[in-house]
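Student:
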Amino acid sequence: MNAIELSVFASRISAICDEMGAVLRRAALSPNIKDRLDFSCAVFDTAGRLCAQAAHIPVHLGSMAYAMEGIVRNIAWRPGDTVIVNDPYLGGTHLPDVTLITPVFLQGGELAGFVVNRAHHADIGAATPGSMPISRSLEEEGMIIPPTPLVRAGRLDETVMAGLMQGSRNAAQAHGDYAAQLSANRCGAGRLTALVEGMGRKAFAEALGALNDYAERLALASLADIPDGCYAFRDVMDDDGAGTRDLAIAVRITKGGGRVEVDFSGTAAQAPGNVNCPLSVAAAAVFYVFR
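Going by the numbering used here, the sequence shown opens with residue 7, and the numbers climb by one from there.
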C-alpha cells in the first residue's frame, strides 16, 4: 500500500468515527453531549485494538484503548449485540462516562471489528448529582455497570434499560442519551461493514496493518526528538474534597534506547475523596502527553 492509498484509508476509517459523533450529538438530549461535546467515538479491530478515533476526549479514548482487549476477550459476541459498561476498573473513567460496545459482523458471520462510543451522562444515581459527587467510595458515586448486554441479537433488553433509568433523576433525558448512543453505534457499524465489504476482508486487514506500522514509525520518530535522559516534575493538588490537603503528584520520565518509562513513584497514596485515578486513566494521560 503506497502513501496515497494509506492516507485515503486512514481518512475513510476516521470518518466513521466523525459520523458516529455527529449522530450522537444531534440525537442526544442532554447539554453534556449536545453542547459540551463530552463524548468520544472509536473503531477497534477484532482483538480490541484501537484502529481509528475522532478528535474527541483524550481521556476517554486512551482509557478505552487500554482496556478493550480484556473486555472483548471475555464476551461471546453475536451479531446485533451491544454491551454497556462504565466500571473505572475496566477501562472506564468516572461513572457518568458510559460506554457502548457493538461488534460488527459481515455477511456470513465473520467478525470485522467493533464500534464504540463513550458519553458523559448528567446523572448516574450518586447521592448528589454531578460529575464529582460527595463520596468516599465508588459505590457512593452512582451505578456501577459491569459489561452487560443492553441489546441482544438486535433486541433491546428492556429490563436492563429500566434498571439504567432507576439510576437517573431525569429518566427521560437519560433514555434519550442512551438511545443516541445506540444510534451512533448503528451508524458506525453500517459504515464499517460497507468499508470492509467494499475493500474485501484481506485488503482491509492489510490496510489496518499498514496503518499501525505507520503509527509506530511516527511515535518512534517523535521519541527520537527527545534527548535521552531522566526528567522529573512534582506538583501538589490542593485537596481531595474530603479533608485531605496537599496531595503530591510526582512523575519521573526516563528515556533511552527508543523506549520511555514513566514512573509516578512519590505520588500521594489513595485519598478518601473522589480524586483517585484508575490505571487506565493514568495511561490515557501519558498517551495524550506524548501524542
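Yeah, the Cβ is synthetic: ideal placement off N, Cα and C, and Gly gets one too.
Are there 16 or more other CB atoms within 10 angstroms of the CB of Ala190, so buried, or fewer, so exposed?
Tutor: By the 10 Å Cβ count, Ala190 comes out buried.
Student: Kindly indicate the opening and closing residues of the beta strand (DSSP E) around Val242.
Tutor: Run containing Val242: 235-245, per the beta strand (DSSP E) assignment.
Student: Run through DSSP, which three-state label would Asp269 get?
Tutor: If DSSP states are grouped into helix, strand and coil, Asp269 belongs with the strands.
Student: Identify every residue that forms a DSSP beta bridge with Phe210.
Tutor: DSSP output for Phe210 lists no bridge partner at all.
Student: Rounded to whole angstroms, how far is the Cβ of Pro278 from the Cβ of Asp246, which I believe are closer than 8 Å?
Tutor: Right, the Cβ-Cβ distance comes to about 6 Å (below 8 Å), so this counts as a contact.
Student: Secondary structure at Ala58, three-state DSSP: helix, strand or coil?
Tutor: Ala58 falls in the strand class under three-state DSSP.
Student: Which whole-angstrom value is the C-beta distance of Leu35 and Asp183, which I expect to be below 8 Å?
Tutor: Between Asp183 and Leu35 the Cβ distance is about 6 Å, and since that is below 8 Å, they are a contact.
Student: If you follow the alpha helix (DSSP H) that Arg192 is part of, which residue opens it and which one closes it?
Tutor: Taken as a continuous stretch (DSSP letters only), the alpha helix (DSSP H) holding Arg192 covers 177-205.
Student: For the beta strand (DSSP E) that contains Pro155, what are its first and last residues?
Tutor: Its beta strand (DSSP E) spans residues 154-158.
Student: Here's the rule: buried if 16 or more other CB atoms are within 10 angstroms of the residue's CB, otherwise exposed. What is Asn280?
Tutor: Buried: at least 16 other Cβ atoms inside 10 Å.
Student: What span of residues does the alpha helix (DSSP H) with His66 cover, start to end?
Tutor: Counting along the chain, the alpha helix (DSSP H) containing His66 begins and ends at 64-79.
Student: DSSP three-state call for Ser46: helix, strand or coil?
Tutor: Strand, per DSSP.
Student: Using a Cβ-Cβ cutoff of less than 7 Å, which residues in the same chain neighbour Ala48 once the five nearest sequence positions on both sides are dropped?
Tutor: Around Ala48: Cys23, Leu56, Ala58, Gln59, Leu67, Met70, Val122.
Student: Can you give me the C-alpha to C-alpha distance between Gly263 and Val257, rounded to a whole angstrom?
Tutor: Rounded to whole angstroms, Gly263 to Val257 spans 20 Å at the Cα level.
Student: So, does the stretch 154-168 touch the stretch 227-244, judging by three or more C-beta pairs under 8 Å?
Tutor: The stretch 154-168 is not in contact with the stretch 227-244.
Student: How about Arg175 and Asp103: do their beta carbons lie closer than 7 Å?
Tutor: No.
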